């Protein structure tokens with residue numbers, strides 16, 4: 002494994018790179034969710050409604066993982082005790098619901114019940130994994146435990162089973178679902194062969210970061226009825242309170258590819274000085290903020306330090322400063 006590849010995989014398993022991993026997944030699923038909602042409102046297809054529900058479940062799970070990862074980064078919860086088993090359970094949960102989305106676009110009570118039961122089984126397995134992991138926290142990394150091996154083998158087995166379901170049912174867009182699951186399958190397989198020391202698998206996370214954008218194709222599996230035009234909702238721009246001319250308020254956030262690239266750049270940064278610059282730039286780019294600063298207090302709480310900043314309009318970095 003090259004030094005560059007090793008660096009990328011490591012960055013996906015340590016803060017703040019692991020937060021970028023969840024941000025990317027949330028961004029992709031939220032975009033697919035919005036597209037599914039628009040398709041549902043325009044067509045009123047039950048398939049579009051099911052896609053909206055399934056993507057909402059995935060988004061909820063990813064937001065939960067993002068919050069726990071942030072709490073672990075701030076040491077509010079013990080990241081080594083809780084997060085590694087949750088990370089494995091989260092991936093299996095996603096495999097189940099991605100398959101539900103692609104294999105059962107039509108209403109199917111049996112499929113709904115099976116997906117729900119399997120999800121409850123994953124939660125039970127997570128509880129058992131948390132119990133067995135506690136005595137080993139101080140002596141082992143999670144990647145070297147039998148629990149991790151069981152999670153990876155289970156993920157491989159479920160992925161193969163789900164790929165088989167897609168082959169048998171042959172729903173519209175089946176190859177998108179199969180491609181997504183195959184990418185994840187090879188990620189788990191490579192992890193089993195490498196078993197790099199640590200609590201998370203960089204290769205598995207990279208595999209799913211590559212696979213999840215395929216979900217953007219999900220709402221487009223069913224064409225709109227002939228003559229149906231997806232018209233935008235009537236414009237109802239909000240106005241600034243201090244503005245008496247009725248000018249519409251400007252956009253509050255950006256979702257263009259440049260923003261996505263800026264967020265990924267944070268995960269690749271290793272220089273502590275440049276890290277604050279990369280974070281402030283990413284936030285300014287996302288929120289379309291004119292100025293963004295990273296500020297913290299010194300140990301004696303008597304002085305504020307501006308670790309870095311970014312000026313959006315001239316697009317330049319602001320240097321480190323001390324405030325009394």
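Numbering (my numbering), first residue to last: 2 to 325.
Just so you know, even glycine gets a beta-carbon here, dropped at the ideal spot from N, CA and C.
Because the structure is a prediction, the values reported are computed rather than measured.
Same chain only: Cβ atoms within 6 Å of residue 294, ignoring 5 sequence neighbours per side:
The count along the chain shown starts at 1 and reaches residue 294 at position 293. 307, 310.
Presumed contact (8 Å Cβ cut-off) between residue 313 and residue 283, rounded CB distance:
Within the chain shown, residue 313 is the residue found at index 312, counting from 1. Within the chain shown, residue 283 is the residue found at index 282, counting from 1. The pair is not a contact, with the Cβ atoms about 11 Å apart (cut-off 8 Å).
Is it true that the region 171–188 meets the region 90–102, where meeting means three or more beta-carbon pairs spaced less than 8 Å apart?
yes
At the level of alpha carbons, what is the spacing between residue 95 and residue 155?
In the chain shown, residue 95 corresponds to position 94, counting from 1. In the chain shown, residue 155 corresponds to position 154, counting from 1. Rounded to whole angstroms, residue 95 to residue 155 spans 13 Å at the Cα level.
Based on DSSP bridge pairs, tell me the residues matched to residue 95.
Within the chain shown, the letter at position 94 stands for residue 95. Answer is none; residue 95 lacks a bridge partner.
Pull up the distance between the alpha-carbon of residue 153 and that of residue 63, whole angstroms please.
Within the chain shown, numbered from 1, the residue matching residue 153 stands at position 152. Within the chain shown, numbered from 1, the residue matching residue 63 stands at position 62. For residue 153 and residue 63, the distance between alpha carbons rounds to 19 Å.
In angstroms with no decimal places, state the Cα-to-Cα distance between residue 305 and residue 287.
What you label residue 305 is simply residue 304 of the chain shown in a count that begins at 1. What you label residue 287 is simply residue 286 of the chain shown in a count that begins at 1. Roughly 25 Å separates the two Cα atoms.
Take residue 319 as the anchor and find which of 41, 301, 278 has the nearest alpha-carbon.
Within the chain shown, the letter at position 318 stands for residue 319. For the residues 41, 301, 278, the minimum Cα distance to residue 319 belongs to 278.
Spell out a yes or no on whether the region 125–134 and the region 66–74 are touching, meaning 3 or more CB-CB pairs, one atom from each, closer than 8 Å.
no
I'd like to know whether the C-beta atoms of residue 56 and residue 26 end up nearer to each other than 8 Å.
By one-based count along the chain shown, residue 56 stands at place 55. By one-based count along the chain shown, residue 26 stands at place 25. Taking 8 Å as the Cβ cut-off, residue 56 and residue 26 do not qualify as a contacting pair.
Cα-Cα separation, residue 280 to residue 169:
Sequence index remark: in the chain shown, residue 280 carries index 279 (1-based). Sequence index remark: in the chain shown, residue 169 carries index 168 (1-based). Cα-Cα distance, rounded: 46 Å.
Quick check on residue 306: does DSSP put it in helix, strand or coil?
Sequence index remark: in the chain shown, residue 306 carries index 305 (1-based). In the three-state DSSP reduction, residue 306 falls in the strand class (E or B).
Looking only at its own chain, which residues have a Cβ that is under 6 Å from the Cβ of residue 89, when we skip the five neighbours before and after it?
Numbered from 1 along the chain shown, position 88 holds the residue referred to as residue 89. The answer, listed in chain order, is 152.
If contact is defined by three or more beta carbon pairs under 8 Å, each pair taking one atom from either stretch, is the region 158–165 in contact with the region 135–147?
Segments in contact, no.
Use the C-beta contact count for residue 61: other C-beta atoms within 10 angstroms, 16 or more gives buried, fewer gives exposed.
Taking the first residue of the chain shown as 1, we reach residue 61 at position 60. Classification of residue 61: exposed, given that the 10 Å Cβ count is below 16.
Contact between the region 79–93 and the region 193–206 is defined here as three or more beta-carbon pairs at a separation below 8 Å; is this criterion met?
Yes, the region 79–93 touches the region 193–206.
Suppose the cutoff is 7 Å on Cβ atoms and the five residues either side in sequence are ignored; what does the same chain contact list for residue 379 look like?
Summary: the structure shown does not reach residue 379, with the chain confined to residues 2 through 325, and so no result is reported for it.
Under 8 Å between the Cβ atoms of residue 103 and residue 177?
Position 102 of the chain shown, counting from 1, holds the residue named residue 103. Position 176 of the chain shown, counting from 1, holds the residue named residue 177. In this structure, residue 177 lies closer than 8 Å to residue 103 by Cβ.
Beta carbon of residue 52, beta carbon of residue 220: below 8 Å?
Position 51 of the chain shown, counting from 1, holds the residue named residue 52. Position 219 of the chain shown, counting from 1, holds the residue named residue 220. Yes, they are a contact pair.
Residue 186 classed as buried or exposed, judged by whether at least 16 other C-beta atoms fall within 10 angstroms:
Taking the first residue of the chain shown as 1, we reach residue 186 at position 185. Under this definition residue 186 is a buried residue.
Residue 242 burial status per 10 Å Cβ neighbour count (16 or more: buried)
As a working note, residue 242 is residue 241 in the chain shown. Its pLDDT being 48, under 50, residue 242 is placed unreliably by the model, and the measurement read from it follows with that caveat. Label assigned to residue 242: exposed.
Measure the beta-carbon distance from residue 32 to residue 217 and round it to whole angstroms, keeping in mind my assumption that it falls under 8 Å.
Here residue 32 refers to the residue found at position 31 when the chain shown is read from its first residue. Here residue 217 refers to the residue found at position 216 when the chain shown is read from its first residue. Confirmed, Cβ separation roughly 6 Å.
Restricting to Cα atoms, I'd like to know which of 71, 303, 275, 109 is closest to residue 48.
Start at 1 with the first residue of the chain shown, and residue 48 comes out as number 47. Nearest Cα to residue 48 within the set 71, 303, 275, 109: 109.
If you reduce the DSSP assignment to three classes, tell me which class residue 105 lands in.
As a working note, residue 105 is residue 104 in the chain shown. Coil, per DSSP.
Helix or strand or just coil, what does DSSP make of residue 317?
Against the chain shown, residue 317 aligns to sequence position 316. Correct three-state label for residue 317: strand.
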